[in-house]
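Every letter in the sequence shown is one number past the one before it in this note's numbering, and letter 344, counting from 1, is 385.
In this text, a Cβ means the ideal position worked out from N, Cα and C, and glycines have one as well.
Given the structure is predicted, the values throughout are model-derived calculations rather than measurements.
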Amino acid sequence: MKKSFKLIPGFVLCLVFAFPSLAQKETPPVGGTPKDFKLPEKKVKQLSNGLRTTFVQYGAVPKAEVQLIVKTGNIHEAANEVWLADLTGLLMKEGTTTKSFKEISKKVAGMGGNINVSTGMDNVTISGSVLSEFVPELVRVIADLVMNPALPAKEVDRLKADLKRQLTVQKSVPQSQATERFFQIVYKDHPYGRYYPTAEMIDSYTAEKAKDFFQKNFGAKRSVVYVVGKFDEASVSKAIDESFAAWSTGPEINFPPAAASRTNEIAMIDRKEAPQTTIILGLPTLTPKDKDYMALQVTNSLLGGSFGSRITSNIREDKGYTYSPYSTIQNRKGVSIWYEEADVTSEHTGESLREISKEIKKLQTENPSKEELEGIQRYMAGTFVLQNSNPGGIISQLNFIDLHELDESYLTDRVKNIYAVTPEKVSQITKDHFKYEDMTLVLVGDKKQLDQQIKMHKHAQKLK
């Protein structure tokens with residue numbers, strides 16, 4: 042199931058370091074430059090069935106996190122199977138052929154931890170965190186869940202009813218409506234562009250369809266077991282060998298190739314008398330494998346991706362058109378999209394678009410000051426340090442470079458590369474990759490108020 046998050050881990054704390062004036066009026070002491078991230082030593086091996094394992098000893102707390110990540114999810118749904126992966130994941134949470142999930146959860150709680158199954162676009166994850174002495178047993182529990190899921194038919198109707206309630210709620214929210222339409226335009230018929238099923242689609246799902254999805258898409262060859270924290274490597278390795286040895290190899294890793302469309306299409310969804318308009322404006326951009334991707338990230342943070350960014354300062358702080366605008370880069374396998382999202386007062390929709398356009402074009406023609414750029418760089422470096430301050434964060438970073446086939450230097454050189462971006466580079470990136478005239482625009486709001494205001498956007502598109 043596709044979800045978007047507006048807050049970045051450590052966001053508020055990092056603001057204090059990046060923009061000290063937000064925290065206090067006195068001049069703070071000059072902070073030191075964060076050091077490059079040192080990736081803890083990791084041990085990697087592969088079982089004969091293709092299952093890969095990664096061990097990282099980390100921290101001092103006697104706990105460890107285990108995550109089994111399978112490279113499947115919504116990406117492998119057919120056009121008439123949207124959220125079938127989610128139903129399959131929910132059925133896995135009903136337990137195994139010998140234990141209910143309630144029994145499993147109680148057992149793991151007795152180990153000082155928890156366990157969960159989550160479904161995403163590119164990954165299905167079975168994760169848990171327990172005290173160090175119980176890590177081998179947690180490995181066995183996770184192996185049982187993925188190798189012997191009950192997928193009980195008697196629970197299907199209840200779970201489908203839950204999904205239909207979620208669908209009704211999400212489809213009633215303007216932000217969800219805008220997101221769905223935007224990615225439909227950008228990705229067209231690719232799974233990345235399918236956000237929501239129909240109620241009739243959910244009604245058609247059966248236990249047999251979920252089992253078929255599971256059989257076709259789960260297996261050792263698509264999977265990685267990450268263990269990060271304090272644990273005994275020998276006993277955990279033995280538990281993995283014994284528990285997963287019989288798991289079938291399963292299918293090869295395969296992501297349907299995606300291509301994103303660069304279009305200046307304008308789509309409008311009418312919500313009569315709505316006091317706000319939800320705006321999503323964006324276009325395809327560089328991927329993590331591109332050499333200028335770090336410069337793109339810095340540019341995004343300066344333009345709209347941080348609390349102190351230019352667009353946020355303009356339409357939130359100065360104009361008061363919106364409360365929580367933000368921009369982000371959505372990375373999928375082999376393709377990335379940059380977009381700005383904001384909920385603005387209906388009467389100021391056109392003016393908001395004009396100001397967003399103005400900030401983009403200004404950054405294309407004028408280099409940012411050294412001081413402004415350094416504030417953004419401190420924010421990004423500080424955020425990165427916080428993201429790697431716990432086992433879950435380490436696993437997230439390792440999975441990111443694995444999914445996108447990146448070298449470890451993407452992590453180890455990240456802080457250095459953040460600070461290597463110059464003001465001139467930011468302006469050049471904005472010229473090359475933030476062409477306002479190529480951006481797709483989706484508006485959800487009162488069409489009666491929007492028809493005239495949209496002319497401001499069309500005029501801005503024509504200004505090269």
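Residues near residue 496 by beta carbon distance below 8 Å, same chain, minus five either side: 391
Pick from 200, 175, 442 that is closest to residue 273, judged by C-alpha positions: 175
Segment contact flag, the region 203–221 with the region 81–99, C-beta cutoff 8 Å, min 3 pairs: no
Sequence-distant residues of the same chain with beta carbon closer than 6 Å to residue 353, five excluded per side: 366
Pairwise C-alpha distance: residue 375 and residue 328: 7 Å
Supposed close pair residue 444, residue 163 - CB separation, criterion 8 Å: 6 Å
Every unbroken beta strand (DSSP E) inside the region 401–452 [3 residues or more]: none
Alpha carbon of residue 278 to alpha carbon of residue 321, nearest angstrom: 47 Å
Cross-strand partners of residue 98 (DSSP beta bridge): 270
Length-filtered (3 minimum) beta strand (DSSP E) runs lying within the region 165–195: 165–172
Candidates 427, 132, 172: closest to residue 198 by CA position: 132
Separation of residue 260 from residue 403, as counted between CA atoms: 51 Å
Secondary structure of residue 488, DSSP reduced to three states: helix
Counted within 10 angstroms of its Cβ, other Cβ atoms place residue 430 as buried (16 or more) or exposed: exposed
Short Cβ contact (7 Å threshold) for residue 486 with residue 318: yes
Whole-angstrom C-beta distance between residue 292 and residue 262, which should lie under 8 Å: 7 Å
The region 337–345 contacting the region 417–426, beta-carbon criterion three pairs below 8 Å: yes
Pairwise C-alpha distance: residue 313 and residue 247: 38 Å
Residue 167 vs residue 186 beta-carbon contact at 7 Å: yes
Strand pairing of residue 322, partner residues [DSSP]: 381, 482
Per DSSP, the bridge partner or partners of residue 155: 170
Between the CA atoms of residue 394 and residue 85 - distance to the nearest angstrom: 49 Å
Where residue 303 falls, given that 16 or more other Cβ within 10 Å makes a residue buried: exposed
Rounded separation between residue 491 and residue 387 - CA only: 8 Å
Straight-line Cα distance separating residue 324 from residue 301: 8 Å
Classification of residue 355 by the beta-carbon crowding that lies within 10 angstroms, buried from 16 upward: buried
DSSP bridge partner residues for residue 109 (one or two, in chain order): 167, 266
Contacting residues, own chain, Cβ-Cβ under 8 Å from residue 201 (five flanking each side not counted): 128, 243, 244, 246
Residue 149 versus 177, 126, 160, 122, residue with shortest Cα-Cα distance: 177
Extent of the continuous alpha helix (DSSP H) run through residue 253: 248–258
Test item: CB-CB of residue 267 and residue 436 under 7 Å: yes
Cut-off 6 Å between Cβ atoms - residues of its own chain near residue 494, not counting five sequence neighbours on either side: 390, 391
Rounded C-alpha distance that separates residue 275 from residue 102: 19 Å
Where the beta strand (DSSP E) containing residue 454 begins and where it ends: Neither: residue 454 is in no beta strand (DSSP E) and is coded neither H nor E.
Classification of residue 364 by the beta-carbon crowding that lies within 10 angstroms, buried from 16 upward: exposed
Cα-Cα separation, residue 332 to residue 280: 40 Å
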